[in-house]
Amino acid sequence: MATIKKEIVTKASTAAVWDAVRDVGALHTRLVPGFVVDTVVEPGARTVTFANGLVVREPIITLDDDARRLVWSVEGIHMTHYNAVVQVSETPDGTRLTWTVDFLPDDAAPHQDAVMATGMGIMQQTLDKLAG
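With this note's numbering as the guide, the letters of the sequence shown map in order to residues 1089 to 1220.
Spelled out as structure tokens, the structure:
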């Protein structure tokens, strides 16, 4: 099973970053605008529409306010397994956001890495704006 882990650090407060992450229905407005163009929440899941037209259903596995940890899976893609975790933690310089994805097949790694790199770049810009 392949694993990709990406991290960013922002000067935005940990509370503000976690508030944006935990708002599972606002990916397209609060976290990765332009990368995600729509998010629709349903009980236990969200449907996400990406800028390239891909639409996936993401069951929400865990939303843990104490650990500031969000876990979801993905349905409607070519992978046989996909599990993602975003964790938010305080650092001396601001807030660290870590996004880890475990997936199969392994040969999807180059595409998954590129998608995550793009998403994290947009997330960095969006969260930095919260710092003023």
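All residues carry an ideal CB built from backbone N, CA and C; glycine is no exception.
Residue i, buried or exposed, once every other Cβ within 10 Å from all chains shown has been counted against 16
i: L1192; result: exposed
i: V1105; result: buried
i: M1211; result: buried
i: L1119; result: buried
i: T1168; result: exposed
i: V1109; result: buried
i: H1116; result: buried
i: V1129; result: exposed
i: A1196; result: buried
Pairwise C-alpha distance: residue j and residue i
i: M1204; j: T1179; result: 22 Å
i: A1133; j: Y1170; result: 15 Å
i: T1127; j: T1137; result: 6 Å
i: R1145; j: Q1213; result: 25 Å
i: I1149; j: D1190; result: 14 Å
i: V1174; j: A1103; result: 14 Å
i: F1123; j: W1187; result: 16 Å
i: D1181; j: S1101; result: 10 Å
i: K1093; j: G1141; result: 25 Å
i: K1099; j: A1219; result: 6 Å
i: E1095; j: T1183; result: 10 Å
i: P1198; j: A1139; result: 19 Å
i: V1176; j: R1156; result: 5 Å
i: P1131; j: E1163; result: 15 Å
i: D1153; j: D1201; result: 27 Å
i: L1185; j: H1166; result: 27 Å
i: S1161; j: L1215; result: 23 Å
i: V1097; j: G1209; result: 11 Å
Anticipated Cβ contact below 8 Å, residue i with residue j, distance rounded
i: D1194; j: A1114; result: Their Cβ separation, rounded to whole angstroms, is 32 Å, which puts D1194 and A1114 out of contact at 8 Å.
i: T1135; j: V1125; result: With a Cβ gap of about 12 Å, T1135 and V1125 do not count as contacting.
Contact test: residue i Cβ vs the ligand GTP heavy atom, cutoff 7 Å
i: T1137; result: In the structure on display, the ligand GTP does not appear, and there are no ligands present to speak of.
key: Minimum length 4: unbroken alpha helix (DSSP H) runs contained in the stretch 1110-1168   = none
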